[in-house]
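Residue numbers (this note's numbering): 71 to 316.
The structure appears right after this line, and notes come after that.
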Amino acid sequence: MTTTLRLGVNIDHVATIRNARGGTDPDPVRAARLAAAAGADGITAHLREDRRHISDRDIDRLSAEIPLPLNLEMAATAEMTAIALRHRPHAACIVPERREERTTEGGLDAVAQRAHLTPLVGQLSDAGVRVSLFVEPDARQLDAAKALGAPVVELHTGAYCDAVGERRARELARLVAAARHAAAIGLECHAGHGLTYDTVGPVAAIPTIAELNIGHFLVGEAIFVGLEASIHRMRALMSEARLAAL
Ligand code: PXP
Numbered sequence: 071m072t073t074t075l076r077l078g079v080n081i082d083h084v085a086t087i088r089n090a091r092g093g094t095d096p097d098p099v100r101a102a103r104l105a106a107a108a109g110a111d112g113i114t115a116h117l118r119e120d121r122r123h124i125s126d127r128d129i130d131r132l133s134a135e136i137p138l139p140l141n142l143e144m145a146a147t148a149e150m151t152a153i154a155l156r157h158r159p160h161a162a163c164i165v166p167e168r169r170e171e172r173t174t175e176g177g178l179d180a181v182a183q184r185a186h187l188t189p190l191v192g193q194l195s196d197a198g199v200r201v202s203l204f205v206e207p208d209a210r211q212l213d214a215a216k217a218l219g220a221p222v223v224e225l226h227t228g229a230y231c232d233a234v235g236e237r238r239a240r241e242l243a244r245l246v247a248a249a250r251h252a253a254a255i256g257l258e259c260h261a262g263h264g265l266t267y268d269t270v271g272p273v274a275a276i277p278t279i280a281e282l283n284i285g286h287f288l289v290g291e292a293i294f295v296g297l298e299a300s301i302h303r304m305r306a307l308m309s310e311a312r313l314a315a316l
C-alpha cells in the first residue's frame, strides 16, 4: 500500500506547440518550472528519435535548470543510451518507438526483447539511473521486467482510457491485477498514457501504484485554465481517489 501518489508532468506537448512554428515559444523548460511550482513531483520528457517535440537542447536545459527529478523517456537504442548516460537523469523509462506512430501506442515487449534490454538496464542502473519499463498490464511482461533487472514498471493505461463501458471495466481490472502482481514480485509500479480528469480516479485508487505520468491532457487543458490550475485539479482528483481507497 502506497499512500503517497506522485505526479510526473510530461511536458512533451509544450514542445509540440513550439515546434509547430519552429521558434522558442512556448518554452517547455518554463512549463517544467511552472509544474514544479504547482506541486508536480517530477518532470517527464520523451526525447524521440525524430525529435518531433523535445529536443536535445531541452534535455540539456531540463537537466541543468529544473529543481525536480527528471524522468527521461527513451527508446532502447544506442543513441538514447549514450544521451542518458551523459545526463544521468533521476529515472529513465524505456518505451517502444515507431517512427510512424502518433504517440506511444503500446507497451514494450520485455519478454521478446529480454536479451537486448538486459545490458541496457544494467548500464543505466550502474550509472545510478532508476530504470522503468513501459509495459502492458500483463503479468508475463512484469515477470520479464523483474528478470532483466528493472526496479520499476510503468503500466500503459492507453487501452483503459480508450475503452468505454464494460470494456473499460475489464481494462481497469487488468491494471489492478498487474499493479498487484508488480508489488508481489517487488517492482515499483507507475502508470500513464492518455489519463484525463475523467479517467484518473480509478487508476489513482489502485493502492500499489506509486506514480502517474500525465502530459497531453494537462497541456491541452492549460489552454483553457492555465497549467498551474490543470495540475492542481489533476492532483486533487488523484489525492481524493487515493484517500477514498485507503
Ligand atoms: N508515460 C509514458 C511512458 C509515455 O510514453 C507517455 C506519453 O509520452 C505518458 C506517460 C504520458 O501520456 P499522455 O501524454 O497521454 O498523458
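Every residue, glycine too, gets a C-beta built ideally from N, C-alpha and C.
Note to self: Give me the residue from A248, R184, R156 and E167 with the minimum Cα distance to V199.
What the structure shows: Check the Cα spacing between V199 and each of A248, R184, R156 and E167: the tightest is with R156.
Check: What did DSSP end up calling G262 once you bin it into helix, strand or coil?
Finding: G262: strand per DSSP, three-state reduction.
Margin query: Going by DSSP, what residue range makes up the beta strand (DSSP E) through H226?
Written below: For H226, the enclosing beta strand (DSSP E) starts and ends at V222 to H226.
Next item on the list: Spatial neighbours of E206 within its chain, please: CB distance less than 6 Å, with the 5 preceding and 5 following residues excluded, ordered by chain position.
Entry: Cβ within range, chain order: G177 and H226.
Item checked: H160 versus L194, V181 and L265, residue with shortest Cα-Cα distance -> For H160, the nearest C-alpha among the options comes from L194.
Note to self: Is the separation between the beta-carbon of A102 and that of I129 shorter than 7 Å?
What the structure shows: Contact: no.
Check: What does DSSP give as the partner residues of M44 in its beta bridges?
Finding: Nothing can be reported for residue 44, as the shown portion of the chain is limited to 71 through 316.
Item checked: Minimum Cβ-Cβ distance from A215 to chain B less than 7 Å -> Going by chain labels, chain B is absent from the structure shown, which holds only one protein chain.
Item checked: Unbroken stretches of the alpha helix (DSSP H), 4 residues or longer, contained in the segment 271–314 -> Taking only runs of at least 4 residues, the alpha helix (DSSP H) segments lying wholly in the segment 271–314 are 286–295.
Next item on the list: Closer than 7 Å by C-beta to I301: which residues in its own chain qualify, once you throw out the five before and the five after it? Chain order, please.
Entry: Answer for I301: V79, A105, A108, G109, A110 and L288, listed in chain order.
Note to self: Can you tell me whether H263 sits near the ligand PXP, meaning its C-beta is under 6 Å from at least one heavy atom of the ligand?
What the structure shows: H263: yes, Cβ under 6 Å from the ligand PXP.
Check: Taking buried to mean at least 16 other C-beta atoms within 10 Å of its own C-beta, is E143 buried or exposed?
Finding: With 16 or more Cβ atoms within 10 Å of its Cβ, E143 is classed as buried.
Checklist line | CA-to-CA distance, R305 to I284, given in whole angstroms | finding: Taking the straight line from one Cα to the other gives about 11 Å.
Margin query: Distance check for G264 and T173, CA to CA, integer angstroms please.
Written below: Their Cα atoms are separated by approximately 10 Å.
Next item on the list: List the whole-angstrom C-beta distance separating P221 from L257, where the pair is believed to meet the contact cut-off of C-beta under 8 Å.
Entry: Indeed they touch by this definition, with Cβ atoms about 7 Å apart.
Item checked: CB of A15 within 7 Å of CB of G271, strictly -> Residue 15 cannot be examined here, being either before or after the span of the chain that is shown, 71 to 316.
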